[in-house]
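Here the structure comes first, spelled out in structure tokens, and everything after it is commentary.
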Amino acid sequence: MNMKPTSATLPTEQPGAPAAHKAILPGATLGVMGGGQLGRMFVHAAQRMGYFTAVLDPDVSSPAGRVSHHHIRADYLDPQGLAQLSAVCDAITTEFENVPAPALAALAKNRPVAPGASAVAIAQDRAAEKAHFVRCGVPCAPYAVIDSAEALAGVGAELFPGILKTARMGYDGKGQVRVADTAALAAAWAQLKNVTCVLEKMLPLAAECSVIVARGADGQMVHLPPQKNLHREGILAVTEVHEDNLPAAQMASATAAAKSIADGLAYVGVLCVEFFLLEDGALVVNEIAPRPHNSGHYSMDACDLSQFDLQVRTLAGLPLVQPRQHSPAIMLNLLGDLWFDANGVRAAASGKPVPPPWAEVLALPGTHLHLYGKLEAKPGRKMGHLNLTGATVEAVRATALQACALLGLAPF
Ligand code: ADP
Ligand code: MG
Numbered sequence: 010m011n012m013k014p015t016s017a018t019l020p021t022e023q024p025g026a027p028a029a030h031k032a033i034l035p036g037a038t039l040g041v042m043g044g045g046q047l048g049r050m051f052v053h054a055a056q057r058m059g060y061f062t063a064v065l066d067p068d069v070s071s072p073a074g075r076v077s078h079h080h081i082r083a084d085y086l087d088p089q090g091l092a093q094l095s096a097v098c099d100a101i102t103t104e105f106e107n108v109p110a111p112a113l114a115a116l117a118k119n120r121p122v123a124p125g126a127s128a129v130a131i132a133q134d135r136a137a138e139k140a141h142f143v144r145c146g147v148p149c150a151p152y153a154v155i156d157s158a159e160a161l162a163g164v165g166a167e168l169f170p171g172i173l174k175t176a177r178m179g180y181d182g183k184g185q186v187r188v189a190d191t192a193a194l195a196a197a198w199a200q201l202k203n204v205t206c207v208l209e210k211m212l213p214l215a216a217e218c219s220v221i222v223a224r225g226a227d228g229q230m231v232h233l234p235p236q237k238n239l240h241r242e243g244i245l246a247v248t249e250v251h252e253d254n255l256p257a258a259q260m261a262s263a264t265a266a267a268k269s270i271a272d273g274l275a276y277v278g279v280l281c282v283e284f285f286l287l288e289d290g291a292l293v294v295n296e297i298a299p300r301p302h303n304s305g306h307y308s309m310d311a312c313d314l315s316q317f318d319l320q321v322r323t324l325a326g327l328p329l330v331q332p333r334q335h336s337p338a339i340m341l342n343l344l345g346d347l348w349f350d351a352n353g354v355r356a357a358a359s360g361k362p363v364p365p366p367w368a369e370v371l372a373l374p375g376t377h378l379h380l381y382g383k384l385e386a387k388p389g390r391k392m393g394h395l396n397l398t399g400a401t402v403e404a405v406r407a408t409a410l411q412a413c414a415l416l417g418l419a420p421f
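Counting with this note's numbering, you get residues 10 to 421 for the letters of the sequence shown.
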């Protein structure tokens, strides 16, 4: 396989932009740290544009590793694996935020790495992340960092009821405990093994939403339209994206806030910023993900550039063009639960997983099924997603509800 990098100077260099950087053109090899579904969809987008791909993931059957030209089966901090990845790649990105920042820093010595280790390190740590929001002047929930008995004792009554979240490694609602008062806080902190945590005031949410921005090395930014997200048991269940879905003024603020957060990190790549819309209409930032995000999956079928196309472009230094959503969209997350006794519709008497009725779902107009090639369905495991598009919001909603009924998903 010819792995020679090809490069050319970007024709779209803006006056006043940083020193001309080279675009990494199709035919070169793009790498990704992590082999999950996000890596898989990045690999698909890169390959569609004619790139070769490499994935580093220890798991033999990782969803991205199985579809990539190269799969380096090594631990994320294994020096040999990292050396192999940088030898084969022209540029490297990441697909999950808990890729050790030192691994990215090591790779960056030899190859362009986007996003950079310092931005990822901030996104990995809720305390650092919140400090960054404050620096950018974007409001977030009132909070306190709990890293000592003194800090715990110093928490004021105004933060209750609250949510105690581990500063690191939390996802899908894991590593979080709701606390009503100081006594509950002490018990919850002990339950979380006294690791550094952030206590946040519980806010009255009217809706949750997210904005995906892509920022190039030259500072240029584009964004996807704001997504409205419904979570169930801490996991994203449904994303809806269409006009009038969310209040326009707050969404303009959310998009501007997401861009200032990306700018403040000198971010290169795709960044997702999650927001809470409060009952009184206020908008507060929740957290960031330094990568494409589950809530952006609708863009694969409803926009002329998906979040993965944007990831490829930012990594390769290709021009960023503002994406256009051409269809209202709804995304339904497909968790492993659907392979089991989903809503009693397809009770698997044996307790063995039974695939959902795909053919019936695909008989509905405007359905786009994405499955991640995971070998085993398990409750809570993200197995795939179903995008629905249509001519009108009403049509998409109607089809989505039919799909929910077929899949045994609760209506929304
Ligand atoms: P994760 O990393 O698991 O996604 P989040 O901080 O986004 O963690 O919290 C998960 C969910 O918990 C949010 O999507 C929201 O529904 C709820 N939640 C988190 N923080 C707050 C808060 N301060 N007030 C109200 N609800 C919250
Ligand atoms: Mg979240």
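Note that the Cβ used here is the ideal one computed from N, Cα and C, for glycine as well.
Check: residue i C-beta below 6 Å from any heavy atom of the ligand ADP
i: residue 85; result: no
i: residue 152; result: no
i: residue 240; result: yes
i: residue 288; result: no
i: residue 296; result: yes
i: residue 179; result: yes
i: residue 182; result: yes
i: residue 212; result: yes
i: residue 172; result: yes
i: residue 243; result: yes
Residue i vs residue j beta-carbon contact at 7 Å
i: residue 320; j: residue 105; result: no
i: residue 342; j: residue 233; result: no
i: residue 197; j: residue 173; result: yes
i: residue 149; j: residue 273; result: no
i: residue 255; j: residue 210; result: no
i: residue 120; j: residue 98; result: yes
i: residue 158; j: residue 206; result: no
i: residue 297; j: residue 409; result: no
i: residue 237; j: residue 216; result: yes
i: residue 288; j: residue 213; result: yes
i: residue 114; j: residue 39; result: no
i: residue 387; j: residue 345; result: yes
i: residue 37; j: residue 318; result: no
i: residue 275; j: residue 147; result: no
i: residue 86; j: residue 109; result: yes
i: residue 45; j: residue 74; result: no
Whole-angstrom C-beta distance between residue j and residue i, which should lie under 8 Å
i: residue 268; j: residue 309; result: Rounded, the Cβ-Cβ distance is 22 Å, inconsistent with contact.
i: residue 395; j: residue 412; result: 6 Å
i: residue 377; j: residue 398; result: 7 Å
i: residue 188; j: residue 224; result: Their Cβ separation, rounded to whole angstroms, is 36 Å, which puts residue 188 and residue 224 out of contact at 8 Å.
i: residue 141; j: residue 270; result: 7 Å
i: residue 239; j: residue 421; result: 6 Å
Cβ-heavy atom distance, residue i to the ligand MG, below 6 Å
i: residue 167; result: no
i: residue 209; result: no
i: residue 106; result: no
i: residue 283; result: yes
Contacts around residue i, its chain only, beta-carbon distance under 6 Å, and the 5 residues preceding and following it disregarded
i: residue 316; result: 221, 279, 301, 305 and 308
i: residue 41; result: 48, 51, 64, 102 and 104
i: residue 365; result: 347 and 416
i: residue 337; result: 251, 402 and 405
i: residue 137; result: 131
i: residue 92; result: none
i: residue 243; result: 181 and 182
i: residue 281; result: 219, 221, 298 and 302
Same chain, Cβ closer than 8 Å to residue i, five either side skipped, listed in chain order
i: residue 379; result: 50, 306, 309, 393, 394, 395 and 396
i: residue 164; result: 153, 155, 191, 194 and 208
i: residue 72; result: 44, 45, 46, 48, 49, 381, 382 and 383
Cutoff 7 Å; reference residue i; Cβ partners in own chain excluding five residues on either side
i: residue 263; result: 218, 220, 235, 284 and 292
i: residue 35; result: 58, 59 and 60
i: residue 161; result: 155, 194, 195 and 198
i: residue 90; result: 65, 81, 83 and 84
i: residue 107; result: 133 and 178
i: residue 203; result: none
i: residue 371; result: 378
i: residue 373; result: 408, 411 and 412
Answer yes if the region 43-61 comes into contact with the region 319-326, meaning at least three C-beta pairs across the two stretches below 8 Å, and no otherwise. Yes, the region 319-326 is in contact with the region 43-61.
Report yes or no: do the region 376-384 and the region 327-336 share at least 3 C-beta pairs separated by less than 8 Å? Touching, no.
Contact between the region 282-295 and the region 122-132: three or more CB pairs below 8 Å? With fewer than three CB-CB distances shorter than 8 Å, the region 282-295 does not count as touching the region 122-132.
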